[in-house]
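Report on the structure given below.
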Amino acid sequence: MHGNSALDGVQVQRNLRRKAGLKVMFAAIVFSFAAASHAAAAQSALPLPLATPIVASDAAPDAGLPALSDITAMLRAQFRVAPLESMKIARAVLIEAERQAISPVLLLAVMSVESSFDRHAVSIAGARGLMQVLPAAHPQLIAGTTDLSDPAINVRIGSTILRGYLDQSGGDLDAALVRYSGGGRGYAQRVVLRMQRLDASLRHE
């Protein structure tokens with residue numbers, strides 16, 4: 001019995017350290033993104049143009065945020081996403097990341113785990129699109145939506161859901177991701193690992 005109690009104590013400590021690590025990582029991501037957004041706002045009060053491509057020089061590379069061109073190149077090279085689709089996804093990610101104050105790398109990681117960037121993906125449960133939005137679970141957000149395969153619509157709804165879970169969990173990334181996945185075991189760890197890989201890849205694009 002004593003041996004089991006000791007092992008349980010070690011496991012609890014490991015879980016606490018893991019959760020603390022996720023909170024620190026998320027805090028750093030949010031801080032970095034907020035600082036970058038503030039710097040961009042100081043340079044210009046106008047939003048990023050949607051009608052013209054955004055080049056790396058327009059995306060404040062010194063702030064450490066990925067440029068639209070870098071995201072597009074990564075999607076094409078690593079996930080074999082078509083050029084036009086890559087551009088639509090990258091633009092949606094940057095717009096919604098700014099709107100929701102969420103790291104674009106976090107949104108990309110969720111999409112990578114959820115759908116491998118297949119905007120037409122449909123799960124057995126009926127979740128749809130890049131961020132696998134489940135209509136039955138979010139009827140108010142889905143109301144009036146005609147096409148969840150549209151990157152702009154899907155990422156807007158998915159990022160809104162994730163932002164809500166982050167707020168409700170007090171910024172606990174682990175808890176928010178568990179809720180987003182519907183309780184999927186190991187989901188949060190997969191997303192965090194994917195974030196690390198995508199971030200490293202985007203820095204080398």
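For the sequence shown, full-length UniProt numbering assigns the number 1 to the initial residue and increments by one for each residue that follows.
We put the beta carbon where it would ideally sit given N, CA and C, even for glycine.
message: Given a cut-off of 7 Å on the beta-carbon distance, is the pair Val191 and Val110 in contact?
response: yes
message: Tell me the rounded alpha-carbon separation between Ala125 and Leu148.
response: 15 Å
query: Quick one: any contact between the region 144-158 and the region 129-136, if contact means 3 or more CB pairs under 8 Å?
result: yes
- prompt: Contact check, Ala188 vs Leu198 under 8 Å by CB: the rounded distance?
  reply: Contact flag wrong, Cβ pair sits at about 16 Å.
query: Just how far apart, CA to CA, sit Ala121 and Tyr165?
result: 23 Å
query: Which runs of the alpha helix (DSSP H) spanning at least 4 residues fall entirely within the region 93-128, listed in chain order?
result: 104-115
message: I'd like to check one pair, Glu96 with Arg156: are the Cβ atoms closer than 7 Å?
response: yes
field: Any alpha helix (DSSP H) of 4 or more consecutive residues that is wholly inside the region 65-97
entry: 68-79
message: Just to confirm my understanding: we take Met195, look at its own chain, exclude 5 residues before and 5 after, and list those with CB closer than 7 Å. What are they?
response: Val105, Leu106, Ala109
message: Going by C-alpha to C-alpha distance, which of Pro66, Gly171, Ser181, Pro139 sits closest to Arg91?
response: Pro66
message: Buried or exposed, going by whether 16 or more other CB atoms sit within 10 Å of the CB of Arg119?
response: buried
- prompt: Using a Cβ-Cβ cut-off of 7 Å (strictly less than) and excluding sequence neighbours within five positions of Ala136, which residues of its own chain qualify?
  reply: Gly126
field: Pairwise C-alpha distance: Ile89 and Ala77
entry: 14 Å
field: N- and C-terminal bounds of the alpha helix (DSSP H) containing residue 219
entry: The structure shown has nothing for residue 219, since the chain only spans 1 to 205.
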